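Reading through the structure tokens given below for one structure.
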């Protein structure tokens, strides 16, 4: 009888395909669609077919199967087998069966003369039966185990097992598509500020994080930006839309286009994304001379009567338009800001901020930190509560600029949404109301100087 040595444990499921083409579409929210074309062998009549090496995180209810040529083939049943072989599972399968044990003899490892029936194993002990009786053997004494060929349907990789019906023996290219989880992508952007901080250089990378349990070798890669609604179970129409995104041909470079209500990015070359790998791919080349505005922002609550100080946030804003050298949809991601140190020419990191999905022609806002040399001091000179519906405040704020250059600070005073009216009077600087609940002052402050804001406000319900 043939046997399998398990000094190093190996087991191989029957190979049923000769070639493979892989396409992978990745979504932002831990979702991917895999589409593979493989040559699969079918036997005439009803037979078992193993489609091996699928992702561990496959949704087996999402599998789509289609022969690429006209053929009388149908799938009658499908099982997803993910109970993969390991030493303990193999021993479990051989309880009640014959095994051969190997022990150390002098400098060699040799088999014991008798075959043993494995009755049980636990901890460091084997319970076996030989022709002389039942024995308990310590595992430390055993250097190897040999199993017979009848080892059942053991698999080394996650596998779809089909019961297929074919009108003849044939090998056909077949397309199999399915959904996986634990794979996602995000965008990472870089903005390099000019010396004046009135322009920047912009670039972008895609970061793919694959924890799906499968290597995708030499695959066509597509990315979909947007919030895709998922339900359990997936509807057939939803799966058809996802598979359609996975199947369109690639162009050259990272090509972007609108797809349904989302945006589809196609990599024009094939790439490999391994399991447990973070891969980065450039998708926006360096875009230079992008105009950008810088503002400092402070805020305080009108009803906050305690004295307090804040440093303003540093904010950059640019228009994502073709006129501003941009004009491409920007997927949700992280923007990191850098500026060159003129003394040695090195780029220094000056802050980062997340952005949401941003269509073209929209403004992009990036907050990079707080200004060290600018301070806002707020206090309430007088507070008068007329009744439960009306309150009056005399507010004062001093903005101090310790920088060697003039600046403008945007100062917001906020009041609760429950108060629908706010009347401002006796103000020493002009203000505006950009939106409900906010009074805004644009405060110019000269270098190494300060500017005071004073006003009275009456808020009412």
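Numbering (mature numbering (1 follows the signal peptide of the UniProt record, and there is no 0)), first residue to last: -18 to -1, 1 to 443.
A virtual CB, placed ideally from N, CA and C, is assigned to each residue, including glycine.
None of these values were measured; they are calculated from a predicted model.
*State the DSSP-derived secondary structure class of residue 426, mapped to helix, strand or coil.*
strand
*Opposite residue 26 in the DSSP bridges: which residues?*
Answer by DSSP bridge pairing: none, since residue 26 is not bridged.
_Looking at the strands, I want to know which residues DSSP matches up with residue 251._
Paired residues: none, contrary to the question.
_Candidates 45, 366, 319, 279: closest to residue 184 by CA position_ = Distance check between residue 184 and each of 45, 366, 319, 279 places 319 closest, using alpha-carbon atoms only.
*What are the start and end residues of each continuous beta strand (DSSP E) run of 3 or more residues lying completely inside the stretch 378 to 402, in chain order?*
389 to 396
*Compare the beta carbon distance of residue 163 and residue 203 with 8 Å and say whether it is the shorter of the two.*
At a Cβ-Cβ threshold of 8 Å, residue 163 and residue 203 do not count as neighbours.
*Between 197, 124, 166, 247, which lies nearest to residue 35 when the distance is taken from Cα to Cα?*
For residue 35, the closest of 197, 124, 166, 247 by C-alpha to C-alpha distance is 197.
*Taking the C-alpha atoms as reference points, what is the distance between residue 346 and residue 301?*
6 Å
*Inter-stretch contact (C-beta, 8 Å, three-pair minimum) for the stretch 282 to 291 and the stretch 146 to 159*: no
*What residue from 287, 126, 29 has the CA that sits closest to residue 375's CA?*
287
*asked:* For residue 444 and residue 415, what's the separation of their Cα atoms in angstroms?
replied: The requested residue 444 does not occur in the structure, where the chain is confined to residues -18 to 443.
_Does residue 289 pass the burial test, meaning 16 or more other C-beta atoms within 10 Å, or should it be called exposed?_
exposed
*Is it true that the CB of residue 245 sits closer than 8 Å to the CB of residue 186?*
no
*Extent of the continuous alpha helix (DSSP H) run through residue 74*: 69 to 75
*Are there 16 or more other CB atoms within 10 angstroms of the CB of residue 20, so buried, or fewer, so exposed?*
buried
*Could you tell me which residues DSSP puts in a beta bridge with residue 259?*
192
*From what residue to what residue does the beta strand (DSSP E) around residue 291 run?*
290 to 292
*Counted within 10 angstroms of its Cβ, other Cβ atoms place residue 114 as buried (16 or more) or exposed*: exposed
*What's the C-alpha gap between residue 170 and residue 144?*
Each residue's Cα considered, the two are about 41 Å apart.
*Is residue 169 near the ligand FAD, judged by its Cβ being under 7 Å from some heavy atom?*
What this structure holds is no ligand at all, so the ligand FAD is not there to describe.
*From what residue to what residue does the beta strand (DSSP E) around residue 278 run?*
275 to 283
*asked:* Taking DSSP's pairing of strands, which residues face residue 244 in a bridge?
replied: 241
*Where residue 83 and residue 121 are concerned, what is the direct C-alpha to C-alpha distance, given to the nearest angstrom?*
10 Å
*Can you tell me the Cα-Cα spacing of residue 295 and residue 350, whole angstroms?*
7 Å
_Quick check on this structure: which residue in 75, 88, 98, 125 has the alpha carbon closest to the alpha carbon of residue 106?_
125
*Keeping to the same chain, check which residues put their C-beta closer than 7 Å to that of residue 53; ignore five residues upstream and five downstream.*
152, 154
_For a test of the three-state rule: what should DSSP assign to residue 123, helix, strand or coil?_
DSSP places residue 123 in helix when its eight states are reduced to three.
*asked:* On a Cα-Cα basis, can you pick out the residue from 138, 181, 81 that is closest to residue 275?
replied: 181
*Among 439, 60, 388, nearest to residue 413 - alpha-carbon criterion*: 439
*Reducing DSSP to helix, strand and coil, say where residue 304 ends up.*
helix
*Taking the Cβ atom as the reference point for each residue, do residue 396 and residue 420 lie within a distance shorter than 8 Å?*
It is a contact, given that the beta carbons lie within the stated cut-off.
*According to the neighbour-count rule (16 or more other Cβ atoms, all chains shown, within 10 Å of its Cβ), is residue 201 buried or exposed?*
The residue is buried, with at least 16 neighbouring Cβ atoms inside 10 Å.
*Below 8 Å between beta carbons: does that hold for residue 70 and residue 81?*
For residue 70 and residue 81, no; Cβs fall outside 8 Å.
*State buried or exposed for residue 410, treating a residue as buried only when at least 16 other CB atoms are found within 10 Å of its CB.*
exposed
*Pull up the CB-CB distance for residue 292 and residue 358, whole angstroms please, since I reckon it's below 8 Å.*
5 Å
*Nonlocal neighbours in the same chain, by C-beta distance under 6 Å from residue 277, ignoring five residues either side*: 297, 392
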